[in-house]
Amino acid sequence: MKEKTHLKALEGKSKAEKKRIRQEYEEAKKRLEKKQSKYVTKENKMSRPMSNKEKKKAEAKRLKRYNDRVWRGWRESDNQVSPVKTYRLEDLKKGED
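Below you can see the structure in the form of structure tokens.
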């Protein structure tokens with residue numbers, strides 16, 4: 010005797026249809042878990058050393074925030090090459106003399 014499934018949608022369906030429905034169910038379940046994962050508190054990352062991947066991600070995030078902050082008010086129409094003024098060490102030492 011065949012076992013009845015708990016999903017009413019699968020009753021009386023062919024194997025191919027059951028497989029398709031199960032795949033859709035699994036995909037929907039993964040999407041839901043992904044959405045809900047945003048609201049789950051994560052462990053304190055400082056309790057363990059950062060991996061190289063995490064370091065790169067953190068550095069990219071830091072750099073993006075820095076660039077957003079620095080470049081916010083800058084426009085090329087101001088005839089400046091960049092919003093940040095850079096100096097060479099030699100030039101600074103010459104200025105001290």
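Taking my numbering, the leading residue of the sequence shown gets 10, the next gets one more, and so forth. Virtual Cβ for every residue (Gly too), placed ideally from N, Cα, C. Treat the numbers as computed from the prediction; the structure is a model and nothing was measured.
Distance check for V79 and M64, CA to CA, integer angstroms please.
Counting from 1 along the sequence shown, the entry for residue 64 is found at position 55. Counting from 1 along the sequence shown, the entry for residue 79 is found at position 70. For the record, residue 64 in the displayed sequence is Lys; it is not Met. Distance between the alpha carbons of K64 and V79: 22 Å.
What number of angstroms, rounded off, separates the C-alpha of K39 from the C-alpha of Q45?
Here residue 39 is taken as the residue at index 30 of the sequence shown, counted from 1. Here residue 45 is taken as the residue at index 36 of the sequence shown, counted from 1. Going by the C-alpha atoms only, they are around 10 Å apart.
Straight-line CA distance for M59 to K73?
Numbered from its first residue, the sequence shown carries residue 59 at position 50. Numbered from its first residue, the sequence shown carries residue 73 at position 64. So the alpha carbons of these two residues sit roughly 19 Å apart.
CA-CA distance, A67 and K103?
Here residue 67 refers to the residue found at position 58 when the sequence shown is read from its first residue. Here residue 103 refers to the residue found at position 94 when the sequence shown is read from its first residue. In this structure, the alpha-carbon of A67 lies about 37 Å from that of K103.
Assign K28 to one of two classes, buried (16 or more other C-beta atoms within 10 Å of its C-beta) or exposed (fewer than that).
Residue mapping note: residue 28 aligns to position 19 of the sequence shown, counting from 1. The residue is exposed, with fewer than 16 neighbouring Cβ atoms inside 10 Å.
Which whole-angstrom value is the C-beta distance of L19 and I30, which I expect to be below 8 Å?
Locating residue 19 in the sequence shown gives position 10, where the first residue counts as 1. Locating residue 30 in the sequence shown gives position 21, where the first residue counts as 1. With a Cβ gap of about 6 Å, L19 and I30 count as contacting.
Excluding sequence positions up to five away, which residues of its chain have a Cβ less than 8 Å from the Cβ of K22?
The sequence position of residue 22 within the sequence shown is 13, counting from 1. If we look at K22 and ignore the five residues flanking it on each side, its Cβ neighbours are I30.
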